[in-house]
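Worksheet for the structure shown next.
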Amino acid sequence: MTEIRLHNSRTRRKQPFAPLDAQDVRMYVCGPTVYDRAHLGNARPVVVFDVLYRLLRHVYGKKHVTYVRNFTDVDDKINARARMLQEGGDTRSLNEIIRALTDETIDWYHADMDALGALRPNHEPRATEFIVQMVAMIQGLIDKGHAYAAEGHVLFDVRSYPEYGKLSGRSVDDMIAGARVEVAPYKRDPMDFVLWKPSSVEEPGWDSPWGRGRPGWHIECSAMSHELLGPAFDIHGGGIDLQFPHHENEIAQSCCAHPDADFANFWLHNEMVQVEGKKMSKSLGNFFTVRDLLDELEKRMPKRVAGEVIRLVMIKSHYRQPMDWTEAAAKEAEATLRKWARATENVQSEKIDQRVIDALSDDLNVWGAITVLNELAANGDGSALLGSARFLGLLSEEVRAISQATEAYFDLQKLLILRAEARKEKNFARADLIRKRLDDFGIQLVDQSATVTAPKFEVFKIEEVIQSLPPEDKENLLGQEEYVVPRIFNNKAFSDRYQSFVARKVLGELE
RNA sequence: GGCGAGUUGGCGGAGUGGUUACGCAGCGGAUUGCAAAUCCGUGUACAGGAGUUCGAUUCUCCUACUCGCCUCCA
Numbered sequence: 006m007t008e009i010r011l012h013n014s015r016t017r018r019k020q021p022f023a024p025l026d027a028q029d030v031r032m033y034v035c036g037p038t039v040y041d042r043a044h045l046g047n048a049r050p051v052v053v054f055d056v057l058y059r060l061l062r063h064v065y066g067k068k069h070v071t072y073v074r075n076f077t078d079v080d081d082k083i084n085a086r087a088r089m090l091q092e093g094g095d096t097r098s099l100n101e102i103i104r105a106l107t108d109e110t111i112d113w114y115h116a117d118m119d120a121l122g123a124l125r126p127n128h129e130p131r132a133t134e135f136i137v138q139m140v141a142m143i144q145g146l147i148d149k150g151h152a153y154a155a156e157g158h159v160l161f162d163v164r165s166y167p168e169y170g171k172l173s174g175r176s177v178d179d180m181i182a183g184a185r186v187e188v189a190p191y192k193r194d195p196m197d198f199v200l201w202k203p204s205s206v207e208e209p210g211w212d213s214p215w216g217r218g219r220p221g222w223h224i225e226c227s228a229m230s231h232e233l234l235g236p237a238f239d240i241h242g243g244g245i246d247l248q249f250p251h252h253e254n255e256i257a258q259s260c261c262a263h264p265d266a267d268f269a270n271f272w273l274h275n276e277m278v279q280v281e282g283k284k285m286s287k288s289l290g291n292f293f294t295v296r297d298l299l300d301e302l303e304k305r306m307p308k309r310v311a312g313e314v315i316r317l318v319m320i321k322s323h324y325r326q327p328m329d330w331t332e333a334a335a336k337e338a339e340a341t342l343r344k345w346a347r348a349t350e351n352v353q354s355e356k357i358d359q360r361v362i363d364a365l366s367d368d369l370n371v372w373g374a375i376t377v378l379n380e381l382a383a384n385g386d387g388s389a390l391l392g393s394a395r396f397l398g399l400l401s402e403e404v405r406a407i408s409q410a411t412e413a414y415f416d417l418q419k420l421l422i423l424r425a426e427a428r429k430e431k432n433f434a435r436a437d438l439i440r441k442r443l444d445d446f447g448i449q450l451v452d453q454s455a456t457v458t459a460p461k462f463e464v465f466k467i468e469e470v471i472q473s474l475p476p477e478d479k480e481n482l483l484g485q486e487e488y489v490v491p492r493i494f495n496n497k498a499f500s501d502r503y504q505s506f507v508a509r510k511v512l513g514e515l516e
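Heads up, the first sequence is in the numbering used here, so the first residue is 6 and it goes up one at a time.
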């Protein structure tokens, strides 16, 4: 069996991965707080751990891997967002708004992550559905002397857990010296963190032995991983920024609540996302949601390609290195996909190259795998290329289609035939005129051989053309439909109508 | 101040104690009515210093620089 080696943050080195139970390999990844569209930074761990999930499924079998990723749907950021909506005139109760907001955000998240080719985890628990388990775990911590109630809060006593700080390599005393912790009078130690806190009447809250309240941020992952994966499991993942305090606190809670188990065996952390070399932040104005980026890319390429472009840019950086989103990287990724699409034209079978598995098994060396794919493309081994690319979540049918040079384009096809004849007769004036006129309408012709020509659609230009058309032409083309330009590729009916419209017009001019 | 990661050719990005992946760009050529695409060829880089060694980009130490975390953050 392939040996997987992973960099374990816990030991700070690469180690051979051995599951606790090869029949049930278990992985938990910290998911998003659902109050807004997922941004690029949210997407990175999704894609990174998707690659790992695929690898585990390949090595241990699809039925022998359990992947859990949570939704944090109780959080002060959510409350704040809901209040904002309320102040903006929303008349529903805060709780109704919160429910609607989190539901909608989860739908968005699914749509966006699906677009990136990420497989859905086996379980996607919502924090609010595990309050009972959290309360039980908190009570257990109090009973064992690791937590205490004070003024409606329950706090974890960090001094009761000598290992606290081990994952992130810091000591409680050092951190206090840093003195950036909230000092609350009811805390025994400044580093003590909240397990439970009181809620106002308006805020979401649940009854508990400590009064009506809601859980602190960290306890949900401890409670849900325990419920779904057991007290000990194999891999716990998330962004490096979660290493402290979130994961440190999870470890403290879980290990104290279940002292006989070892909680997560391997800890994996992905590095952060940058944009054009700079940290992505709202203040720098380089903050993108996945949806923003997809919309932008979909202006110039089919939808599915846009998703794979983002995916490829994301996985080509090693997960423990900062990932830089640049326009150049997106272009390069697109070109790579086209190249592979061409190399797999007419390929029917798929097989996975073992060298791709071997590369990924070495701490997810995706670039090593891509090197293999490039080699397969160069050597013309289409089925290994297709199978291996698919394994990485790339080269879906829609993406392969971008390479296809010939396709029936109705009336447009007639025009292309006319032009091919003109070229054959060396009537280049006529051939170039056809190309020029189509270009005026945003349809670019690319000759691939003496007889094969591929049309490409320039969406911006088409938008301009449409805006400048007489009203009746416009209405004929658009019909009653709501026309959104970036979606031209997704609207076959419109696309066909437009091609026919242009082709007839140009044909008319030629006669 | 504390903790951590990193510094490889123009850019991105692997890897190795001695034979310099790969991709993009560039350059040269082929092909092409033109445009685009495609194909072939081409690149001796490993932050600086000291040490270990027959030999270090690869190991050790130091220095410099970059980045992240320490506060909500993926």
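All C-beta atoms in this analysis are idealised placements derived from N, C-alpha and C, irrespective of residue type, glycine included.
- Distance between residue 191 and residue 168, taken at the CA atoms: about 23 Å.
- Nearest neighbour of residue 508 by Cα position, chosen from 25, 420, 477, 435, turns out to be 420.
- By the CB criterion at 9 Å, residue 317 and residue 391 fall outside the cutoff.
- When the five nearest sequence neighbours on each side are left out, the beta carbons in the same chain lying within less than 8 Å of the beta carbon of residue 394 are those of 345, 349, 378, 400, in order along the chain.
- In the three-state DSSP reduction, residue 118 falls in the helix class (H, G or I).
- Here residue 515 is exposed, its C-beta having fewer than 16 other C-beta atoms within 10 Å.
- C-alpha of residue 478 to C-alpha of residue 351: approximately 39 Å in a straight line.
- With contacts defined as CB atoms closer than 9 Å, residue 276 and residue 331 fail to qualify as a contacting pair.
- For the segment 414-470, the full-length beta strand (DSSP E) segments reaching 3 residues or more read 448-452, 458-462 along the chain.
- With respect to the 9 Å criterion, residue 364 and residue 371 are classified as neighbours on the basis of their beta carbons.
- Three or more beta-carbon pairs separated by less than 8 Å link the segment 63-76 to the segment 117-137, which places the two stretches in contact.
- The Cβ atoms of residue 449 and residue 433 do not sit closer than 9 Å to each other.
- In the structure shown, residue 389 falls within a helical segment according to DSSP collapsed to helix, strand and coil.
- Between residue 139 and residue 220, the C-beta gap is smaller than 9 Å, which places the two residues in contact.
- Residue 96 carries a coil assignment under DSSP once its states are collapsed to helix, strand and coil.
- As summarised for the segment 356-384, the continuous alpha helix (DSSP H) elements at least 4 residues long and confined to that stretch are 359-366, 371-384, given in chain order.
- Taking a cut-off of 8 Å on C-beta distances, the segment 218-238 touches the segment 254-264, as three or more cross pairs fall below it.
- The criterion of a C-beta distance shorter than 9 Å is not satisfied by residue 239 and residue 499.
- Membership of residue 220 in the beta strand (DSSP E) is indicated by the continuous run 218-220.
- In this structure the segment 91-101 does not lie against the segment 24-43, because fewer than three pairs of beta carbons, one per stretch, are closer than 8 Å.
- Restricted to the segment 120-174, the alpha helix (DSSP H) segments that are unbroken, complete and at least 4 residues in length are 136-148, listed in chain order.
- Distance between residue 61 and residue 54, taken at the CA atoms: about 10 Å.
- Distances from the alpha-carbon of residue 19 to those of 279, 273, 49, 287 put 273 closest.
- Judged by beta-carbon spacing, residue 42 lies within the 9 Å limit of residue 295, meaning their Cβ atoms are closer than that value.
- Sequence-distant Cβ neighbours of residue 100 in its own chain, meaning closer than 7 Å and more than five residues away, are 209.
- A direct Cα-Cα distance of roughly 54 Å separates residue 271 from residue 469.
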